[in-house]
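Engineer: Residues 78 to 247, numbered by our numbering, are exactly what the sequence shown covers, in order. Pasting a structure below so you can have a look.
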Amino acid sequence: MRELEYTVLELEKESKKTCDFCSKFENKNNKSVHQIRSRSKVTGEWISDDMVCERCEEKYWDDELSKCNRCGRLQTKLDFDIVNGKNVCYCIRNNEDLEEKELPLLPHEEISQSTFYERQINSLQEQLNETEEALEIEREEVIKFQEKSEKWGKRQKQELLDRIKELETD
Ligand SMILES: [Zn+2]
Ligand SMILES: [Zn+2]
């Protein structure tokens with residue numbers, strides 16, 4: 078399978094207004110909020126731009142949007158074949174030749190500026206996700222600590238009460 082690199086980007090002015098993954102019929106509010114660009118991982122060549130609504134973007138981050146296992150393209154509603162009831166990807170409809178060897182860039186060849194920025198965005202997004210995860214773990218630790226100290230506090234109190242009782246009965 079060809080490997081693609083996907084980047085979630087801001088919409089451009091001329092972008093379509095509705096989501097490429099779902100229809101108004103499935104999701105009344107399928108206004109596009111971002112676009113997902115895909116490029117070949119090896120050559121940086123542009124493959125596709127798909128508009129995505131809020132709900133489908135969530136699916137994208139959860140890795141729930143289906144991808145063609147031949148060419149790696151995200152499968153949009155246009156790829157859905159009603160007759161077969163399954164996805165028939167662009168690469169199959171257009172008989173795209175994937176056997177053609179994709180040559181990696183030579184060191185003196187430069188990736189395009191947009192590919193460069195998209196890679197930056199991707200690595201920042203990754204860092205952001207990691208930070209969010211770390212924060213989540215920290216939050217859980219704090220809660221655990223609070224529960225523990227609460228329990229400890231209760232035990233302390235009980236011990237004191239017992240002690241007082243003992244003194245009183247003495
Ligand atoms: Zn959608
Ligand atoms: Zn495909």
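Ideal placement from N, C-alpha and C gives every residue a C-beta, glycine not left out.
Taking Lys93 as the reference, give the member of Leu81, Val129, Ile241 with the closest Cα.
Structural biologist: Numbered from its first residue, the sequence shown carries residue 93 at position 16. Answer by Cα proximity: Val129.
Engineer: Pull up the distance between the alpha-carbon of Gln223 and that of Leu81, whole angstroms please.
Structural biologist: Here the question's residue 223 lines up with position 146 in the sequence shown. Here the question's residue 81 lines up with position 4 in the sequence shown. Rounded to the nearest angstrom, the two C-alpha atoms are 45 Å apart.
Engineer: Check whether the Cβ atoms of Cys133 and Arg150 lie closer than 8 Å to each other.
Structural biologist: Along the sequence shown, read from residue 1 onward, the residue named residue 133 stands at position 56. Along the sequence shown, read from residue 1 onward, the residue named residue 150 stands at position 73. In this structure, Cys133 sits away from Arg150, with a CB-CB distance that is not shorter than 8 Å.
Engineer: If you follow the alpha helix (DSSP H) that Glu215 is part of, which residue opens it and which one closes it?
Structural biologist: If you number the sequence shown from 1, residue 215 lands on position 138. Note, Glu215: alpha helix (DSSP H), 190-246.
Engineer: Glu135 lies in the alpha helix (DSSP H); which residues open and close that run?
Structural biologist: Looking up residue 135 in the sequence shown gives position 58. Where Glu135 is concerned, the enclosing alpha helix (DSSP H) stretches over 131-138.
Engineer: Please report the Cβ distance between Leu180 and Thr84, rounded to the nearest whole angstrom; I am assuming they are in contact, meaning their Cβ atoms lie under 8 Å.
Structural biologist: Within the sequence shown, numbered from 1, the residue matching residue 180 stands at position 103. Within the sequence shown, numbered from 1, the residue matching residue 84 stands at position 7. Actually they do not touch by this definition, with Cβ atoms about 22 Å apart.
Engineer: Do you know offhand how far Glu217's Cα is from Glu135's?
Structural biologist: Counted from its first residue, the sequence shown places residue 217 at position 140. Counted from its first residue, the sequence shown places residue 135 at position 58. Taking the straight line joining both Cα atoms gives about 23 Å.
Engineer: Should Tyr167 be counted as a contact of ligand 2 given a C-beta to heavy atom distance under 7 Å?
Structural biologist: On the sequence shown, residue 167 is found 90 positions in, with the first residue counted as 1. Under cutoff, so the answer is yes.
Engineer: By the three-class DSSP mapping on this structure, what secondary structure does Lys93 have?
Structural biologist: By one-based count along the sequence shown, residue 93 stands at place 16. It is coil, neither helix nor strand.
Engineer: So the candidates are Phe98, Glu122, Glu91; which of them puts its Cα closest to the Cα of Leu182?
Structural biologist: Within the sequence shown, numbered from 1, the residue matching residue 182 stands at position 105. Cα-wise, what sits closest to Leu182 is Glu122.
Engineer: Starting from Leu170, follow the alpha helix (DSSP H) in both directions and report where the run begins and ends.
Structural biologist: Numbered from 1 along the sequence shown, position 93 holds the residue referred to as residue 170. It is worth fixing the name first, because residue 170 is Arg in this sequence and not Leu. 167-170 is the span of the alpha helix (DSSP H), which, as asked, contains Arg170.
Engineer: Do Cys96 and ligand 2 come close, with the Cβ less than 7 Å from some heavy atom?
Structural biologist: What you label residue 96 is simply residue 19 of the sequence shown in a count that begins at 1. Result no, Cβ not under 7 Å from ligand 2.
Engineer: Can you give me the Cβ contacts of Arg147 inside the same chain, cut-off strictly under 6 Å, excluding the 5 residues immediately before and after it?
Structural biologist: Counting from one through the sequence shown, the residue named residue 147 turns up at place 70. Once the five neighbours on either side are set aside, the close Cβ partners of Arg147 are Cys168.
Engineer: For Leu155, which of helix, strand or coil comes out of DSSP?
Structural biologist: Taking the first residue of the sequence shown as position 1, residue 155 is located at position 78. Reduced to three states, the DSSP call for Leu155 is helix.
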